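S.K.:
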Amino acid sequence: MIISSLGQGLLWAPLVIGVFITFRILDIPDLTTEGSFPFGAAMTISLMINGQSAFTATLMGFVAGCLGGFVTGILDTKLHIPSLLAGILTMTGLYSVNMHVMGKSNVPLLTQKVLTDYLPSWATTTQTIVLGIIIIGIVIVALYLMFKTRLGLSLMATGNNKNMSSANGINTDKMIIFGYTISNGLIALSGSLIAQSNGYADIGMGIGTIVIGLASVLVGEIFLRGRSILVRLLAMLVGAILYRFLLTVAMGLGFPPDDLKILSAIILVIVICVPIVRNKLKTRKQLKIYLSQLTEGEQDEQVRSIKRPKFTKGVLSGDRE
Amino acid sequence: MFFPGTENERHILKNVSLKVYDGDFISLIGNNGAGKSTLLNTIAGTLPADAGSINLENKNVIKKSVSYRSRWMSRVFQDPKMGTAGELSVAENLVLAQSHVNTTSLKWYNKKGQLEKFQELLKPLDMGLENRLKTQVKYLSGGQRQALSLLMATLSKPKLLLLDEHTAALDPKTSRDVMNLTDEIVNREKLTTMMITHKMSDALKYGNRLIMVQDGQITLDVSGEDKMKLDSEELVGMFDN
């Protein structure tokens with residue numbers, strides 16, 4: 001069970017990193033996710049059915065997601081549509097696009113070779129894990145290197161302080177569009193991998209992905225904290241895997257698959273609350289320590305003042321004896 | 322530089338024509354809503370001008386974006402939070418300010434010897450910032466952030482430095498320190514500067530030229546000797562007219 005959620009988590013990790021880029025780096029809740037995830041899946045499966053290799057098809061899935069993100073970026077920056085609405089618009093539009101790409105609402109793979117089939121013939125779970133590690137390894141290394149360049153710094157600055165960034169020569173619109181683009185490319189890559197793993201693409205597979213993404217981002221940040229970009233990227237990987245594990249546990253408790261979506265929502269609410277509660281507890285604990293040190297100090301002073309009561313009383317009350 | 326006939330819908334700036342000479346240090350004063358900030362924002366590009374032109378070394382930049390103009394202009398805002406990226410470290414902020422071109426280059430931004438260079442830069446501020454290069458800027462105090470903003474704005478050696486009441490949010494002592502630092506840097510780097518201030522004493526003490534803006538128009542423009550003769554009561558008196 002743990003092993004299978006590990007494999008699934010690895011395949012979901014690009015989505016989590018994609019959501020991380022918009023949500024954490026650019027500070028935008030991007031709903032395009034719900035459209036670009038099935039877009040990647042639809043593109044990949046359709047291309048494979050039409051005879052393309054799994055490599056080309058996966059790559060094209062990534063590119064498809066990039067396009068979706070690019071559109072949202074244009075809507076947000078050039079047309080000044082609020083980011084939340086821009087995401088909803090692209091997501092809605094992509095539904096039709098996905099239907100056209102697939103031709104019907106569910107397209108299964110037949111005998112086509114998926115990416116895991118190119119690996120030695122191990123058990124399916126092992127293959128999934130190895131493929132997941134290879135792909136997420138490439139993604140994390142590439143992003144880590146990108147964030148070490150001036151481009152990455154400009155991207156982070158834009159998300160943090162737009163005014164300051166443009167005053168320092170950064171074309172913030174370009175940076176935001178770039179962020180949307182790679183983010184949704186990664187999300188679509190996840191969709192493409194999940195579709196290959198499931199053996200089909202479905203029009204409804206994007207529903208709830210933004211909740212999954214956000215919850216995984218937060219779970220990751222709860223378990224692995226740090227300021228360096230490498231730690232933050234790895235935290236996303238941890239979040240993706242732990243989130244899958246949480247869902248597997250919930251399923252093991254006997255929840256039917258239909259309840260998965262509400263479980264996702266509840267998990268998101270919980271992980272949003274955990275850091276808040278934890279901070280409160282921490283503050284309270286430290287305050288207690290501080291206050292107890294303070295009162296100890298006061299007691300010392302009281303002891304001292306008892307030793308020479310007359311002086312203190314006399315000076316303070318003006319009652320000179 | 323010229324700004325003839327700059328105006329916008331509410332006619333905040335009307336027929337403003339101003340020539341800024343190389344090396345000028347201009348203090349801009351005027352009552353609230355007079356259009357001082359609008360003037361600065363129009364020059365920087367944050368606000369679009371409906372008509373007129375802004376010529377920077379004989380090049381009209383009126384249609385250019387803020388980021389394009391930033392190759393020649395730098396700004397320090399009133400709010401210390403505006404001029405720095407709080408989540409990024411002091412060093413990263415300085416990297417951003419160092420060069421306003423090639424902001425999307427794929428070269429590493431951590432260059433060898435860079436930190437030492439930044440330490441040298443920060444030492445004269447005497448705020449202990451040179452030992453806190455890796456600290457996120459959000460943990461610095463308002464005064465430290467503003468001093469850093471100022472340093473960042475002058476790092477790229479801009480042709481024009483715009484200061485928008487940059488000491489207004491600081492306590493009296495820090496405000497004085499930042500003002501002295503401003504004067505020192507401007508004089509050392511010979512920067513052409515436009516500074517908005519509400520402190521008459523600062524307006525009189527610093528700079529070689531004083532401009533008063535009222536109702537979107539320049540009502541007073543004195544420089545050199547004439548400026549020296551002004552005193553603060555005389556100036557406050559002019560506000561009523």
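Chains as they are written, first to last, in the numbering used here: chain A, 1 to 321; chain B, 322 to 562. Positions of the beta carbon are idealized from the N, C-alpha and C atoms, including for glycine. Just so it is clear, the structure is predicted and the values come from calculations on it, not from any experiment.
(1) Verify the CB distance criterion: does B/Lys422 have a CB-CB separation below 8 Å to chain A?
(2) Out of A/Leu26, A/Thr32 and A/Val107, which one is the CA nearest neighbour of A/Ile207?
(3) For a test of the three-state rule: what should DSSP assign to A/Tyr200, helix, strand or coil?
(4) Going along the chain, which residues of the stretch 62 to 76 of chain A sit with their C-beta nearer than 9 Å to a C-beta in chain B?
(5) State the Cα-Cα distance for the pair A/Pro14 and A/Ser5, rounded to the nearest angstrom.
(6) Have a look at A/Ile353 and A/Leu186 and give me their C-alpha separation to the nearest angstrom.
(7) Skipping 5 residues on each side, what residues in its chain have a beta carbon closer than 8 Å to that of A/Pro309?
(8) Identify whether A/Ser192 lies in helix, strand or coil by the three-state DSSP scheme.
(9) Counting only beta-carbon atoms, is B/Glu408 nearer than 8 Å to chain A?
(10) Which runs of the alpha helix (DSSP H), 4 residues or longer, sit entirely within the stretch 457 to 501 of chain B?
(11) On a Cα-Cα basis, can you pick out the residue from A/Pro256, A/Thr172, A/Leu85 and A/Leu218 that is closest to A/Val269?
(12) Is there a Cβ from chain A that is less than 8 Å from the Cβ of B/Arg396?
(13) Straight-line CA distance for B/Met549 to B/Asn336?
(14) When DSSP labels each residue in this structure, what does B/Asn376 get in the three-state scheme?
(15) Going by C-alpha distance, which of A/Ala123, A/Ala215 and A/Gln293 is nearest A/Cys273?
(16) Can you grab the Cα-Cα spacing for the pair A/Asn171 / B/Lys340, in whole Å?
(17) Using a Cβ-Cβ distance cut-off of 8 Å, determine whether B/Thr425 contacts chain A.
(18) Do B/Glu408 and B/Lys459 have their CB atoms nearer than 8 Å?
(19) According to DSSP, A/Asn106 sits in a beta bridge with which residue or residues?
(20) Closer than 8 Å by beta-carbon distance: list the chain B residues that pair up with A/Ile138, in chain order.
(21) Does the distance from the CB of B/Leu442 to the CB of B/Val411 come in under 8 Å?
(22) Using the C-alpha atoms, what's the distance from A/Asn168 back to B/Arg392?
(23) Buried or exposed, going by whether 16 or more other CB atoms sit within 10 Å of the CB of A/Phe55?
(24) Do you know how far the Cα of A/Tyr200 is from the Cα of B/Lys384?
(25) Give me the Cβ distance between A/Met236 and A/Ile25, rounded to the nearest whole Å; I'm assuming they're in contact under 8 Å.
(26) Can you list, in chain order, the stretches of the beta strand (DSSP E) that have 3 or more residues and sit fully within the stretch 57 to 140 of chain A?
(27) How many Å lie between B/Glu510 and A/Ile129 at the Cα?
(28) So B/Arg396 is in the beta strand (DSSP E); what residue range does that whole segment cover?
(29) Does the Cβ of A/Met1 have 16 or more other Cβ atoms within 10 Å, making it buried, or fewer, making it exposed?
(30) Look at the Cβ atom of A/Ala188, then the Cβ atom of A/Phe70, and state whether they are nearer than 8 Å.
(31) Would the stretch 144 to 163 of chain A and the stretch 414 to 430 of chain B be scored as touching if the rule is three or more Cβ pairs under 8 Å?
(32) Opposite A/Thr283 in the DSSP bridges: which residues?
(33) Using CA atoms only, rank isn't needed, just tell me which of B/Asp343, B/Tyr342, B/Ser338 and B/Ser348 is closest to B/Glu486.
(34) B/Val543 by DSSP, collapsed to three states: which one?
(35) Return helix, strand or coil for B/Asn529, following the three-state DSSP convention.
(36) What residue does the beta strand (DSSP E) around A/Ser322 start on, and which one ends it?
M.R.: According to the structure data:
(1) According to the sequence shown, residue 422 of chain B is Val rather than Lys. By this cut-off, B/Val422 is an interface position.
(2) A/Thr32
(3) DSSP places A/Tyr200 in strand when its eight states are reduced to three.
(4) none
(5) 15 Å
(6) An answer regarding residue 353 of chain A cannot be provided, because it is not within the stretch 1 to 321 covered by chain A.
(7) Low local confidence applies: a pLDDT of 47 at A/Pro309 is under 50, so the model's placement there is unreliable, and no value is given.
(8) Helix.
(9) yes
(10) Within the stretch 457 to 501 of chain B, the complete alpha helix (DSSP H) runs of at least 4 residues are 463 to 476.
(11) Just measuring C-alpha positions, the residue of A/Pro256, A/Thr172, A/Leu85 and A/Leu218 sitting nearest A/Val269 is A/Leu218.
(12) yes
(13) 27 Å
(14) strand
(15) A/Ala215
(16) 29 Å
(17) Yes - at least one Cβ of chain A is within 8 Å of the one on B/Thr425.
(18) yes
(19) Checking the DSSP bridge columns, you'll see A/Asn106 partnered with A/Asp202.
(20) Here the premise fails: no neighbours, minimum Cβ distance about 17 Å.
(21) no
(22) 8 Å
(23) exposed
(24) 51 Å
(25) No, A/Met236 and A/Ile25 are not in contact; Cβ-Cβ is about 11 Å, not under 8 Å.
(26) With a minimum length of 3 residues, the continuous beta strand (DSSP E) runs that stay inside the stretch 57 to 140 of chain A are 106 to 108.
(27) 59 Å
(28) Met394 to Val397
(29) exposed
(30) no
(31) yes
(32) Under DSSP, A/Thr283 takes part in no beta bridge, so it has no partner.
(33) B/Ser348
(34) strand
(35) coil
(36) Absent from the structure is residue 322 of chain A, since the part of chain A shown begins at 1 and ends at 321.
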